[in-house]
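Residues in the sequence shown are numbered from 1162 upward in steps of one, following our numbering. Down below is the structure, laid out as structure tokens.
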Amino acid sequence: MISRRHLLQGSAGVAALAALGSRADAQALEQLQLFVPAAPGGGWDQTARTMELVLKHENLIKNSQITNVGGAGGAVGLPQFVNQWKNRPNALMVAGLVMVGALIANKAPVKITQTQPVARLTGEAEVLVVPANSPIKTAKDFGEALKADPKKVSVAGGSAGGTDHILLGLIGKALGVAPKSLNYVAYAGGGPAIAAILGGHVTGGISGYGEFGEQIKAGKVRALAVSSAERQPGIDVPTLKEQGIDVELSNWRGVFAPPGASKETRDALIKLMDQMMKTATWKTETEKREWSSIPLFGDDYGKFLDGEIARVESVLKDIGLAG
């Protein structure tokens, strides 16, 4: 489904953006256009709406529009952003790790590298869970079961080639288990996946912590490990690394400028994101959603993106989802 609001652009937006890049006191941007290559309600959409809330509350922008174009992990929306939003001076696309995997798995002709990386914003830890009554008590137990017979260890998660699938592939690789032998069961989202776990239809599941958080707190599922480099504040769950599985993965999200944006425009957008992420409002809103704020800007973000593309492509080749 495409939900598209009326988009405005003109000299006022350009002038405000230019002023933002050149003035230390940074007058508010007249209008920011946010492109979300996913349906309303998901992680990218939540990120865009959180940005909108913070930027308006802090008087860093005056107006904004959000355009949603969903489908195929961003592979449907990205061509529109690259081709139809080209040269827009006040536009940002929200995307992240899921798009990296989706573009590779779908052999998409349009690449995320055709955009201009502006800022990495947030990261969300993945969590590995099993039903509360499972004999598997720790990630080490899970690893032993996986090594003994990977076909008997079924793991529920989101779309094939997505972040959940990538994490299972990395775990298998770290344990010396052939990724193509892993028994991954793809579902449309966290809701159907948790239903399969609670119903005993799968051995366990992987998703963003936010998807399984309520069931973990209610004691319906047991959290074995989080995929972050360090334990997460307020989440009493050990990391994979702590339990001898040398894997870390963050479901990161960030923003990108369209092709054709000038260096001045990109610099101004980087400055805007830097200002936003330094506010108390941003800190409050990200903590509320159990997101980690992981700022990285411009060329440094571009280098990080190149590394993620290479890593994900390697894992998806091992799984059999990339050529």
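Even glycine gets a Cβ: it sits at the ideal position worked out from N, Cα and C.
query: For A1263, three-class secondary structure by DSSP; result: helix
query: Identity of the residue in L1331, R1281, A1263 and G1484 nearest L1289 by Cα; result: L1331
query: The segment 1202-1213 touching the segment 1239-1258, judged by at least three CB pairs closer than 8 Å; result: yes
query: Where the beta strand (DSSP E) through P1456 begins and ends; result: S1453 to F1458
query: As assigned by DSSP and simplified to three states, the class of G1371; result: helix
query: Bridge partner(s) assigned by DSSP for M1254; result: F1196 and F1417
query: Where G1484 falls: helix, strand or coil (DSSP); result: coil
query: 6 Å CB neighbourhood of G1238 in its chain, flanking five on each side removed; result: P1198 and V1230
query: Rounded distance between the beta-carbons of R1249 and I1227, thought under 8 Å; result: Going by Cβ atoms, the distance from I1227 to R1249 rounds to 14 Å, so no, they are not a contact pair.
query: Proximity to A1349 [Cα-Cα], best of V1476, G1318 and A1309; result: G1318
query: Sequence-distant residues of its chain with Cβ nearer than 8 Å to T1400 (five each side left out); result: A1386, V1387, S1388, S1389, A1390, E1391, R1392 and E1409
query: Counterpart residues of N1224 in DSSP-defined beta bridges; result: Q1192
query: Where the beta strand (DSSP E) through A1347 begins and ends; result: N1344 to A1347
query: The segment 1300-1309 contacting the segment 1269-1278, beta-carbon criterion three pairs below 8 Å; result: no
query: Reduced DSSP secondary structure (H/G/I, E/B, other) of D1186; result: Because the pLDDT of D1186 is 37, which lies under 50, any placement of that residue in the model is unreliable, and the question is left without a value.
query: Q1393, DSSP secondary structure in three states; result: coil
query: Of the residues L1336, I1367, H1218 and P1296, the one placed nearest V1346, counting alpha carbons only; result: I1367
query: Neighbourhood of S1183 by C-beta, 7 Å cutoff - its chain only, sequence neighbours within 5 removed; result: For S1183, the predicted model reports a pLDDT of 42, less than 50, meaning its position is unreliable and no value from the coordinates is stated.
query: Host beta strand (DSSP E) of E1213 (start-end); result: Careful: E1213 lies outside any beta strand (DSSP E), inside the alpha helix (DSSP H) at G1204 to H1218.
query: Beta-carbon proximity of I1265 to A1483, cut-off 8 Å; result: yes
query: Residue environment, K1432, which counts as buried when at least 16 other CB atoms sit within 10 Å; result: buried
query: Residue(s) in a DSSP beta bridge with E1287; result: G1369
query: Counterpart residues of V1387 in DSSP-defined beta bridges; result: V1288 and T1400
query: Residue(s) in a DSSP beta bridge with P1278; result: F1417
query: For A1286 and N1412, the rounded distance between their alpha carbons; result: 6 Å
query: Collapsed DSSP secondary structure at V1316 in the structure displayed; result: strand
query: Nearest candidate by alpha-carbon position, reference E1372, set G1361, K1439 and A1354; result: A1354
query: Cβ neighbour criterion (16 or more within 10 Å) applied to G1421; result: exposed
query: Which residues DSSP lists as bridging S1411, in chain order; result: A1286
query: Buried/exposed call for Q1245, threshold 16 Cβ in 10 Å; result: exposed
query: Proximity to A1141 [Cα-Cα], best of N1344, V1363 and F1458; result: A question about residue 1141 goes unanswered here, because the residues of the chain that appear run from 1162 up to 1484.
query: Whether A1357 touches V1363 by CB criterion (8 Å); result: yes
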